[in-house]
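Chemist: First, the structure itself, so that you have it in front of you.
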Amino acid sequence: MISDVGPPRSRWPGRDTWLAVLLFTALTVLLAYPLSLHPSSLRFPTGPDGEIGWYVLGWDTHAFLHKPWAIFDANIYHPQRLTLAYGENLIGIALFAAPVIWLTGNLLLAANVAAMLSCVLCGVGAYVLARRVGLTVAAAVICGIVFECAPPRFFRIEQINLSNVQWIPFGLAALHTYLDGGRKRDLRLAAGYVSLQALSSGHGTVFMGVSLLLFVLYRLLLGEPLRVVRRVQDLGVVGAVLLLSPILVFLPYRAVQHEVGMRRGLGTWESNYGAFLASPSHVHRFLLSLVTTTDV
C-alpha cells in the first residue's frame, strides 16, 4: 500500500485531498448524530470536565477582546492570579470557537463545532501524514478513518482538551516534508502546528513532543545530517515567534505550580480496557453490538 513515487508536493490540496475532507466530514456527522444535526441545542454526554471546558472557552473568548495580555487572570478564585493555569487554557481551541460565539452568542454551539471540527481535522491530518510518507490514497484514507473514528475519541469528545490532538499529524507531516525537501516554509509550518497544539492541549503537546522526538531520532539513525545552524536559520524569526507562544504559556503554569504546589500523581490511574471500545456514538454502539452483548 506504499506507492513507488511519493505524492506530489503541490502547494495547494489536490482533488483527492478535498474528497478526503468531504469523507471525514461526513463520517463526523454520522458518528456524532443526532448532535451533528442539532449542534445548538444538544450536547455530548459530559461531566465536570466538559462543563469546565465550556467555561474556559467562554472566558478565553471574552479575554480575546478585553485585556488578552491578562488572559490567565481568569475570573475565578479571586484574589488569586493566573487562575486559568489551574487547568487547561484551551486558547488554541478558543481561536476556532470564538467566531461562533461572537456571531451567535451560543457557547454550546461553539463547543460542539470545536469538538466536531477536531474530529474532521484528525482524519485530514492523518491522511496528509500518510500521503507525505508515500502511502497510496486508499491507504491514507484508512489511516484517517482509524485516527478520526476510533471509539476513544468520541468517548472523550466532551473533554475537548483531551480530544484536540489534530495538530500532531499535521506537524509530523510538515517536518517530514521539510527534511525531505529542505524548504523553510515547511519547517515554519511545523513550528506553527506545534504552537497550535501547545495552545490547545497540554496532554496533546506531550504526545506531540514524544512523536516529533522519535521521528527526528529515526531520521538521524537513517543518516539525516544534524545541521543545527542551518535548521535554526531555516526556522528564522517567523518560526521563533511561532514557538514563543508555547514558552509564554508555560510560564504561568510554572508559577502556579511553584506558588500553589499543584501536583498530579499516578495514584488514581487504573487500566480499563473496556474504555478502548466505549463510545456514546450510536454508530459505534451498533457496530459493537454485532460482535458482543457486553455493555462497555
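Residue numbers (this note's numbering): 12 to 307.
Think of the CB as a built atom: it goes at the ideal place given N, C-alpha and C, for glycine as much as any other residue.
1) In whole angstroms, give me the CA-to-CA distance for alanine 109 and leucine 68.
2) Do valine 131 and valine 32 have their CB atoms nearer than 9 Å?
3) Using three-state DSSP, classify leucine 53 as helix, strand or coil.
4) With DSSP as the reference, label leucine 146 as helix, strand or coil.
5) Tell me whether asparagine 172 sits in a helix, a strand or coil according to DSSP, three-state version.
6) Taking its Cβ as the centre, do 16 or more other Cβ atoms sit within 10 Å of glutamate 99, making it buried, or is it exposed?
7) Can you tell me whether DSSP reads glutamine 9 as helix, strand or coil?
8) Can you give the Cα-Cα distance for valine 267 and threonine 147, rounded to whole angstroms?
9) For a quick check, are the C-beta atoms of tyrosine 204 and threonine 28 less than 9 Å apart?
10) Roughly how many angstroms lie between the CA atoms of leucine 254 and histidine 49, to the nearest whole one?
11) In the structure shown, what three-state DSSP assignment does glutamate 159 receive?
12) For the ligand HEM, I want to know if threonine 216 counts as a neighbour, meaning its beta carbon is within less than 8 Å of at least one of the ligand's heavy atoms.
13) Evaluate contact between the segment 221-239 and the segment 163-177, counting only Cβ atoms and requiring at least three cross-stretch pairs below 8 Å.
14) Would you tell me roughly how many angstroms separate the C-alpha atoms of leucine 30 and glutamate 62, rounded to the nearest one?
15) Using three-state DSSP, classify proline 110 as helix, strand or coil.
16) Taking DSSP as the reference, what is the three-state secondary structure of glutamine 46?
17) Out of curiosity, what's the CA-to-CA distance linking glycine 25 and leucine 93?
18) Nearest to leucine 41 by CA position, among Ala96, Cys160, Gly103, is which residue?
Modeler: In brief:
1) The alpha-carbon atoms of alanine 109 and leucine 68 are separated by roughly 8 Å.
2) Yes, Cβ-Cβ distance for valine 131 and valine 32 is below 9 Å.
3) It is coil, neither helix nor strand.
4) Strand.
5) In the displayed model, asparagine 172 falls within a helix according to three-state DSSP.
6) Buried is the label assigned to glutamate 99, since at least 16 other Cβ atoms lie within 10 Å of its Cβ.
7) Because the chain spans 12 through 307 in this model, residue 9 falls outside it and cannot be assessed.
8) Cα to Cα, the separation comes out at about 47 Å.
9) No, the pair does not count as a contact, with Cβ atoms beyond the cut-off.
10) Taking the straight line joining both Cα atoms gives about 37 Å.
11) Three-state result, glutamate 159: helix.
12) In the structure on display, the ligand HEM does not appear, and there are no ligands present to speak of.
13) No: the two stretches stay apart, fewer than three of their Cβ pairs being nearer than 8 Å.
14) Straight-line Cα distance between these residues: approximately 35 Å.
15) Proline 110: helix per DSSP, three-state reduction.
16) Before going on, a small fix: residue 46 reads as leucine here, not glutamine. Of the three classes helix, strand and coil, the one that applies to leucine 46 here is helix, per DSSP.
17) As the crow flies, the alpha-carbon of glycine 25 is around 44 Å from that of leucine 93.
18) The residue with the shortest Cα to Cα distance from leucine 41 is Cys160.
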